[in-house]
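Just so we're aligned, residue 32 is where the sequence shown starts under the numbering used here, counting upward by one.
Every residue, glycine too, gets a C-beta built ideally from N, C-alpha and C.
In what follows, a single structure is set out as structure tokens and then discussed.
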Amino acid sequence: MPWVRFGDDSATYPALMKLHGMKGADERTVNEAFGFLARIATLSGAHKTDYEIDAGTAYMIGGARTDELLRLLVKAGVLTAGRRGGLQYWTIRADPEFIHIRTKAELEREARYRNELRDDALRVALLLRDGDNCRWCGIVVLWTGRKGQQHAEPDHLEGLDVPGTVDNMVIACRRCNRARGNDTDLWDAEHELRQPPEYPHYGAHSARFLTKNGYPTEPTYRSDEAPAHHQAAADPAPTPGVRPAAPPRDPQALAAAAGTAPQRVRPAAPPRHGNGPRNTPRNADRTPIPQSDETGSAGSGRDGSGTSTTHLPGEAGSTTPPPPDPAAPPPPQPARRRRGRRGGRRTSPGDDR
Numbered sequence: 032m033p034w035v036r037f038g039d040d041s042a043t044y045p046a047l048m049k050l051h052g053m054k055g056a057d058e059r060t061v062n063e064a065f066g067f068l069a070r071i072a073t074l075s076g077a078h079k080t081d082y083e084i085d086a087g088t089a090y091m092i093g094g095a096r097t098d099e100l101l102r103l104l105v106k107a108g109v110l111t112a113g114r115r116g117g118l119q120y121w122t123i124r125a126d127p128e129f130i131h132i133r134t135k136a137e138l139e140r141e142a143r144y145r146n147e148l149r150d151d152a153l154r155v156a157l158l159l160r161d162g163d164n165c166r167w168c169g170i171v172v173l174w175t176g177r178k179g180q181q182h183a184e185p186d187h188l189e190g191l192d193v194p195g196t197v198d199n200m201v202i203a204c205r206r207c208n209r210a211r212g213n214d215t216d217l218w219d220a221e222h223e224l225r226q227p228p229e230y231p232h233y234g235a236h237s238a239r240f241l242t243k244n245g246y247p248t249e250p251t252y253r254s255d256e257a258p259a260h261h262q263a264a265a266d267p268a269p270t271p272g273v274r275p276a277a278p279p280r281d282p283q284a285l286a287a288a289a290g291t292a293p294q295r296v297r298p299a300a301p302p303r304h305g306n307g308p309r310n311t312p313r314n315a316d317r318t319p320i321p322q323s324d325e326t327g328s329a330g331s332g333r334d335g336s337g338t339s340t341t342h343l344p345g346e347a348g349s350t351t352p353p354p355p356d357p358a359a360p361p362p363p364q365p366a367r368r369r370r371g372r373r374g375g376r377r378t379s380p381g382d383d384r
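Right, here's the structure in full:
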């Protein structure tokens, strides 16, 4: 992926700060030149021109100030003028502390390396020869999970400039592969490449991958899987005064024991209204209240019609209300309050107006 990186001190790069003392420069020149330089650098990275800027790009960004900005930047040593095929171009200074642009060759190597990682036939050949061990340090490498120092990466013995094959690639860990980098001569002088193992080791992931591609393989270790749970044995000689640790619980054994162990069942409460005899009331020695012989209305929940009144012994009272007098006038109805007019003041009864 193309990208351009500017250093933390690129805005105050010494060669750029020289512009302030040049003829024709003012307090705006440094910022103007840096903005112009940043825009042409991003276009060089996007179009993979390897730090080179043609005249069309320069005049599109600089406009009427292009000639003056190019003159100042060339004089400061930030740009270098050149000509190829009768056309003029400018090259940005390649300094990683100032502006770093990924080159076309670097991007092509990265794309080729990604394609090599997707080549199942090449990966099968490397696994059959090297297994899951780094050929530099010998540690077990992992193909899954987070990409830590133990993660597996195919390493090019002759650098990324040469297409990878089974003869010039080995299985390596991420730490050795990144430490080796592109300076292969220095690394090879200080480290010795191990010989391919006689009996390669394979984790579950590599074994499944080889089996899927026509090479039935059984895993030889379990470092790339979840560790198995083992039952802890009792300490034959426990330390006096120290309680031994309880063995870990097995979920399957607990589930089996839960299905066979007797359970305590709470007895059900007796029915509140059943066919059997009811419990004797607490106040059975009191005199019972006489009940009316009339039948109450359905759903009333009480005996009697609801109009007769039952009294305790010794109490007086009328059991039936007197019938109404037909000749008596009806009771007066309450006066109805009149509503006031919309928008006006409400009037109360007795108002003289």
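query                                                                                                                      : result
Inter-residue Cα distance where the pair is Arg177 and Trp34                                                               : 25 Å
Cut-off 6 Å between Cβ atoms - residues of its own chain near Ala107, not counting five sequence neighbours on either side : Ala46, Lys49 and Leu50
Cutoff 8 Å: Cys165 Cβ touching any chain D Cβ                                                                              : Absent from the structure is chain D; it holds one protein chain and no more.
Range covered by the alpha helix (DSSP H) that runs through Arg70                                                          : Thr60 to Ala77
Same chain, Cβ closer than 7 Å to Asn244, neighbours up to 5 away in sequence not counted                                  : Asp151 and Val155
Pro247 classed as buried or exposed, judged by whether at least 16 other C-beta atoms fall within 10 angstroms             : exposed
Coarse secondary structure for Thr338, derived from DSSP in three states                                                   : With a pLDDT of 47 at Thr338, under the threshold of 50, the predicted position of this residue should be treated as unreliable, though the coordinate-derived value follows. Coil at Thr338, not helix or strand.
Residue span of the alpha helix (DSSP H) that contains Phe240, given as start and end                                      : Ala235 to Lys243
Span separating the alpha-carbon of Ser41 from that of Phe65                                                               : 9 Å
Residue burial classification, Ala95 (beta-carbon count within 10 angstroms, cutoff 16)                                    : exposed
Separation of Leu153 from Val197, as counted between CA atoms                                                              : 6 Å
Supposed close pair Arg166, Ile123 - CB separation, criterion 8 Å                                                          : Contact flag wrong, Cβ pair sits at about 40 Å.
Exposure label - Tyr19; buried when at least 16 CB within 10 Å                                                             : Since the displayed the chain opens at 32 and closes at 384, residue 19 lies outside it and no answer follows.
Counterpart residues of His222 in DSSP-defined beta bridges                                                                : Paired residues: none, contrary to the question.
Exposure label - Asp186; buried when at least 16 CB within 10 Å                                                            : buried
Rounded distance between the beta-carbons of Ala72 and Ile132, thought under 8 Å                                           : 6 Å
Rounded straight-line distance, which links the Cα of Leu158 to that of Thr251                                             : 13 Å
Own chain, CB closer than 6 Å to Trp121, minus 5 neighbours either side, in chain order                                    : Ile84, Leu110 and Ala112
Residue environment, Met32, which counts as buried when at least 16 other CB atoms sit within 10 Å                         : exposed
Selection from Lys54, Leu103, Asp57 and Cys168 that minimises the alpha carbon distance to Arg205                          : Cys168
Assigned exposure category for Ala257 - 16 Cβ within 10 Å defines buried                                                   : Unreliable placement is indicated for Ala257, whose pLDDT of 44 sits below 50; the coordinate value is still reported in the next sentence. With fewer than 16 Cβ atoms within 10 Å of its Cβ, Ala257 is classed as exposed.
Pairwise C-alpha distance: Val105 and Asp126                                                                               : 16 Å
Residues sharing a beta bridge with Gly113, DSSP                                                                           : Tyr120
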